[in-house]
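If you use our numbering, the sequence shown corresponds to residues 537 to 988, in order.
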Amino acid sequence: MDFNTGLSIVAASITIIVIAVSIYRGPRSFVQGIFVTGMTLLALEAALTGFAYHTEALSEFLFWQRQLYIISSVVPAVWLMFAISFSRTNYLEQISRWKWVLMLAAAAPLSLILLFNQDFISLVLAPHDSQTLFIRIGWSGYLWYVLSVIISIAVLMNLERTFRHSTGHIRWQTKFMFLGIGGIFAIRLFTDSQVVLVFLIFITVIVLAAFLLSDRLRTKRKRFISRHFKRPQYDYQKIWGDFTQRTASVTKTDELCGIIVKMVSDTLQILSVSIWLVDEKQEQLSFGGSTVFTAAQFEEMDYFRQGGLKLIRAMSSQNTPVDLKGREDDWVSDLAHTYPLETKESQIRYCVPLNAAGQLIGIMTLSEKVFYESLTFEESELIKTISDQAAASLLSLRLSERLRQTKELEAFQTMSAFFMHDLKNLASKLSLVTQNLPQYMDNPDFQADALK
């Protein structure tokens with residue numbers, strides 16, 4: 537008897553002992569039945585592995601190996617059911633929720649080994665001067681191992697979730713159970729993944745190439761590195777403190793816009809910064825504030841004065857600063873012809889949406905920096921942070937203005953009600969006077985009361 541055969545027999549024997557102890561000491565329950573079934577299948581796996589190692593003929597080895605694959609096809613599904621139901625009071629509900637996954641986890645591997653047995657192993661090499669067998673799996677065998685890896689991962693995920701949510705004495709009681717089953721499936725995951733390792737490396741290379749070539753992912757990667765690993769270019773604490781101090785007592789929209797554009801201009805060294813407010817119907821732009829334009833100059837800009845509906849629609853779907861350089865959209869070309877020649881230095885390079893509560897409050901436009909440099913990721917993040925806070929402040933002022941108008945209208949309605957009540961009383965009094973006037977016109981007391 538060689539070492540592998542003996543080790544398999546020892547593993548099967550220990551598993552049988554664990555099954556016996558579990559049946560003798562454990563309470564009779566559905567979860568215990570699943571555990572006993574899973575351990576029985578593991579014992580059969582160990583025994584069949586020992587039989588396969590103990591054979592000398594190739595045909596016998598392939599026979600026992602096929603039986604081993606059949607048993608191994610069911611093992612992950614049974615332990616997945618155990619991982620879903622173990623230490624959970626609502627295990628029947630969990631099993632009902634996972635029933636289709638459990639059925640697929642059991643049926644798919646069995647179908648591959650039973651229905652496509654001829655394609656499971658494509659080549660077996662048995663050199664005469666060696667005791668090592670070289671087995672090449674076919675397409676069905678390859679899919680079998682892929683499914684085994686996926687189901688093993690699902691088992692480990694559910695075990696981890698159950699252990700993470702357990703506390704106190706329950707965690708202390710079940711930790712060795714989790715360690716044992718988790719160790720078994722961690723080893724299965726490692727050994728099964730070796731079979732599909734070449735394909736996984738190929739998939740990893742493809743995913744990595746897609747990651748490196750994707751503009752969005754590259755942008756997110758650079759933003760992550762800039763945010764967490766690069767030394768900050770700006771003193772965010774000072775900038776945020778200044779912003780809060782300047783805007784804390786502002787009650788007018790134009791004053792707030794003026795403070796924001798001046799702060800952005802001074803912080804980022806951008807000469808032209810403007811804010812254009814969007815009306816509640818999302819159809820027209822109005823002048824908020826600017827470091828280069830006045831309200832009178834705004835009236836001369838047909839693009840903004842006539843609404844800039846294309847710009848509003850384009851920025852409604854944006855969440856980050858938009859660089860207009862190199863873009864060929866219609867609204868970008870219209871924007872380029874908005875400025876007169878004497879303000880060429882103030883042409884827009886970036887558009888920043890001011891979003892708050894899911895709606896576009898306004899648009900901040902920025903020109904080139906002083907040395908015509910593009911905005912870095914850190915500067916884009918800073919502008920986005922300022923724009924989000926500015927949008928929230930503008931929305932708050934807009935709601936405050938609407939509340940003030942509502943209160944004024946309510947006060948007007950109250951005064952109108954009092955006024956109408958007085959008019960009604962006066963009309964009633966005049967009606968009585970006119971009715972009694974022919975009869976008491978010469979009476980001095982009547983004349984005195986009528987004149988009051």
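Where is the CB? At the ideal position from N, CA and C, for every residue including glycine.
Nearest residue (CA-CA) to residue i, options the options
i: I990; options: F587, Q654, R561; result: Residue numbering for the chain in the displayed model covers 537 to 988; residue 990 lies beyond these limits and cannot be assessed.
i: L683; options: I649, T780, K711, G794; result: I649
i: L804; options: K817, E835, Y772; result: Y772
i: R849; options: Q818, S808, V611; result: Q818
i: I607; options: I631, A582, F597; result: A582
i: G825; options: D859, E915, A926; result: A926
i: I897; options: F714, N979, S853; result: S853
i: R934; options: K711, I806, D790, W636; result: D790
i: I922; options: L959, E629, W680, P857; result: P857
i: S916; options: Q769, A547, V554, V557; result: Q769
i: I884; options: V567, I671, I739, R863; result: R863
i: A893; options: I723, S903, L860, N855; result: N855
i: M851; options: I806, M575, Y886, V567; result: Y886
i: G574; options: V741, F618, R707; result: F618
i: Q730; options: F699, I761, K711, V685; result: V685
i: A831; options: L813, L845, K846, L847; result: L813
i: M761; options: V610, E914, F712, F829; result: Sequence inspection shows Ile at residue 761; the Met mentioned does not correspond to that position. Measuring from the Cα of I761, the nearest candidate turns out to be E914.
i: K846; options: D802, E835, I899; result: I899
i: A722; options: K774, P612, S676; result: P612
i: L584; options: K905, W600, E592; result: W600
i: Q603; options: F714, L577, F699, P980; result: L577
i: T901; options: Q781, V610, S801, N626; result: S801
i: S676; options: V610, V614, L651; result: L651
Cβ shell of residue i (< 7 Å), same chain only, five flanking positions each side left out
i: S929; result: T783, L792
i: P974; result: none
i: V797; result: V809, S810, I811, G825, S826, T827
i: G718; result: L692, L695
i: D538; result: Y589
Enclosing beta strand (DSSP E) for residue i [first to last residue]
i: G569; result: That residue, G569, is in no beta strand (DSSP E); its alpha helix (DSSP H) goes 566 to 590.
i: Q895; result: 895 to 902
i: F823; result: 821 to 826
i: I811; result: 809 to 814
i: L890; result: 886 to 892
Segment limits, alpha helix (DSSP H) that includes residue i
i: N979; result: Premise fails: N979 is in no alpha helix (DSSP H) and is neither H nor E.
i: N653; result: Looking at the DSSP string, N653 is not in any alpha helix (DSSP H), and its letter there is neither H nor E.
i: N540; result: 539 to 561
i: W600; result: 594 to 621
i: F779; result: 772 to 783
i: Y627; result: 627 to 633
i: E909; result: No alpha helix (DSSP H) contains E909, which DSSP labels as neither H nor E.
i: V786; result: From DSSP, V786 is part of no alpha helix (DSSP H); its letter is neither H nor E.
Close-in-space but distant-in-sequence residues of the same chain around residue i (CB under 6 Å, 5 per side omitted)
i: G794; result: G825
i: K541; result: In the sequence under discussion, the amino acid at residue 541 is Thr, which differs from the Lys named in the question. Closer than 6 Å at Cβ, skipping near neighbours: G586, Y589, H590.
i: W680; result: P645, L648
i: W615; result: G574, V691
Nonlocal neighbours in the same chain, by C-beta distance under 8 Å from residue i, ignoring five residues either side
i: G569; result: none
i: D778; result: M799
i: R564; result: none
Validate contact between the segment 638 to 653 and the segment 673 to 690 using beta carbons, cut 8 Å, 3 pairs: yes
Sequence ranges, beta strand (DSSP E) only - wholly within the segment 670 to 722, length at least 3: 670 to 673
At least three beta-carbon pairs within less than 8 Å, the segment 896 to 912 to the segment 936 to 952: no
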